[in-house]
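In our numbering, the protein residues as written are -19 to 447.
Backbone N, C-alpha and C fix where the C-beta goes; we use that ideal spot for every residue, glycine too.
Only a predicted model underlies this, so the values are computations on that prediction, with no experimental measurement involved.
Let me begin by presenting the structure, written as structure tokens, before commenting on it.
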Amino acid sequence: MEYRHDVCLEELCPVCGDKVSGYHYGLLTCESCKGFFKRTVQNSKKYTCIENQACRIDKIQRKRCPFCRFQKCLHVGMRLEAVRADRLRGGRNKFGPMYKHDRALKQQRKALIQASSICPESSLLLASSKHQKAFTVTGGLHRHTVFWSTPSLCSFLPSNSSGVTQDLHTSLSNQTFMLEYSSNCASSTGTAAGIVINPSQYSSHFSNQGSRMPPLVVEFLRCDPDEIELQNKITTRLQQEQMCREKHRDNDTFSLMCIMADQMLCSIVQWARASIFFKQLKVSDQMKILHHCWSELLLLDIISRQVLYGKEGSLLLVTGQEVILSDLVSCVSPLVASLTQRGQDLVEKLHALKVDRQEFACIKFLILFNPDVKELEGHGFVETVQKQVEGALLEYILSSSSQYLGRFAHLLLCLSELRSLSTLTEDYLYFRHLRGEVPCNNLLNEMLHAKCSWNEDFYVHDSIRKH
DNA sequence: TTAGCCTTGAGT
DNA sequence: ACTCAAGGCTAA
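Dropping the structure here:
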């Protein structure tokens, strides 16, 4: 199943890649998956997988494992409740407005993309990198030693999600995130992944904008960690570790920055884990995705902090401390100085665009759900989510900016630059890692380790087996 | 059991 | 009257 362009994607079934025949049970699917889903639900069929519940489902092989096919149906967002218990024919159900809205969004996106002269899939810009970035902070900050170990990535992720239940009722209860569709909300959701947020749940938080904000954006904001809490948490941990480990290790600025980055990575992983869509992925996919985008997310975190809260000429750390940029640039290597400068240029671009929290929240999800990640079991799902996120971002921009065409294109270009920067910075970190200069036993280290076994599967997988 | 085609009927 | 997602039918 090769999805190269949105043009094709629009017409391919997210379950098997066959030609789409219309909206069925919540999303666009082919006729055969529609029939399969209907038969399974109507007859309460129970299947078993003779492999390891990870069979590839495509047009050719879809008949081979109904268990995995049905799992995939649920995974991409087909809705059990759209199969009628009374078997009444004809008419319309409550999903009608959702389909209509989805169609309108697709139309809108197509028009926008054409008008922006961007390739049919914005994911061309969003999605082609092998790895990412790092951060370039250094300078005369702390003068103390901080070192501690962090749990590995797999310990952040649930260990039991490989066991997929085949029971329909359990499947239903697993979908508690699928909140009821509300046709009177300006939603950007309810598309292929079938996720629809009821904005009334959050309207108290965003009462000034709640009526206009796409529900998915509201949800992204809700997932976003609070900056003050994050600052307190990381500062506290840095202090704790400083007290515990004062005697250990050299405390050069680079090590300190690694440790801070490591803490930020922990919070990024926690954010992902608690976020809509991500929890639906299998743990193996969650790991692949995080291994792929950690540095980009880390860099975005640093950059968004500068754009939203920072002052010109200084670098605001997650701990709330400020570093004067000119001091910083003068005491690091030329490579790091140039990376810092590029990062600063990006900050200025985003600042000029007045990118807000909502947009950053969407961008984080665009980075996280990158369909370019290799060998994902839930590849179709990731693509679907990315399209939904793009749709939500687009809708948000449409509602909040009169310059939406240029704005959307600009944001994509900034993302492209972010990716390129992240690749360079990650390479730099990797180089320091190979020289043994990155503190061990932490998440950052593990990410870099994963990078070194890029085509094999990975250090983390070993950790899983041990568990 | 699958999947392509057919029938139905509420919403527009 | 038309649309289009439901369910139904049936050859393979």
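In this structure, K18 places its C-beta atom within 7 Å of the C-beta atom of V63.
By the CB criterion at 7 Å, V362 and F349 fall inside the cutoff. Taking a contact as a CB-CB distance under 8 Å, the pair I239 and L278 does not count as one, their CB atoms being some 13 Å apart.
Residue ranges of uninterrupted alpha helix (DSSP H) with 4 or more members, entirely inside the region 263 to 292 and ordered along the chain, are 263 to 289. Rounded to the nearest angstrom, the gap between the Cα atoms of S235 and E370 is 37 Å.
Secondary structure note for G2: its beta strand (DSSP E) is the uninterrupted segment G2 to H4. When the five nearest sequence neighbours on each side are left out, the beta carbons in the same chain lying within less than 6 Å of the beta carbon of I269 are those of V353, in order along the chain. Straight-line spacing of the CA atoms in F411 and H272 works out to 17 Å. Here the alpha carbon of Q33 sits roughly 6 Å from the alpha carbon of C48. Approximately 16 Å separates the beta-carbon atoms of L398 and F388; this is outside 8 Å, ruling out the contact. Pairwise C-beta distances place the region 10 to 25 out of contact with the region 328 to 344, as fewer than three of them are shorter than 8 Å. Under DSSP, I304 forms a beta bridge with S294. Secondary structure of K(-1) (DSSP, three-state): strand. About 4 Å separates the Cβ atoms of C45 and C35, confirming a contact at the 8 Å cut-off.
Using a Cβ distance threshold of 7 Å, S275 and E406 count as a contacting pair. Under DSSP, L7 takes part in a beta bridge, and its partners are H4.
The distance from the Cβ of Q368 to that of L261 is about 14 Å, inconsistent with a contact at the 8 Å cut-off.
Within a 10 Å sphere around the beta-carbon of K14 sit 16 or more other beta-carbons, which makes this residue buried. Ranked by Cα distance from F200, the options H359, H81 and Y376 are led by Y376. Residue nearest to M267 within the set G358, K86 and S284 is G358 (criterion: CA-CA distance). Check the Cα spacing between R72 and each of N422, Q41, E417 and Y3: the tightest is with Y3. Q324 counts as buried, since no fewer than 16 other beta carbons sit within 10 angstroms of its beta carbon. Ranked by Cα distance from M244, the first of Q321, I343 and T216 is T216.
Taking the Cα positions, L280 is about 18 Å away from L423. DSSP places L(-8) within a strand segment (E or B) once states are collapsed to three.
Where R49 is concerned, the enclosing alpha helix (DSSP H) starts and stops at P46 to V56.
The alpha helix (DSSP H) runs of length 4 or more contained entirely in the region 338 to 419 are, from start to end of the chain, 359 to 380 and 384 to 414. Around the Cβ of D66, a 10 Å sphere holds fewer than 16 other Cβ atoms; the residue is exposed. Three or more Cβ pairs closer than 8 Å define a contact, and the region 297 to 315 meets that threshold against the region 205 to 215. Per the C-alpha coordinates, the member of I282, I256 and C10 positioned closest to E207 is I282.
When secondary structure is reduced to three states using DSSP, V63 falls in the coil class, being assigned neither helix nor strand.
Here A430 is buried: its Cβ has 16 or more other Cβ atoms, across all protein chains shown, within 10 Å. When the Cα atoms are used, A254 and P205 turn out to be separated by approximately 10 Å.
Membership of K329 in the alpha helix (DSSP H) is indicated by the continuous run P314 to A332.
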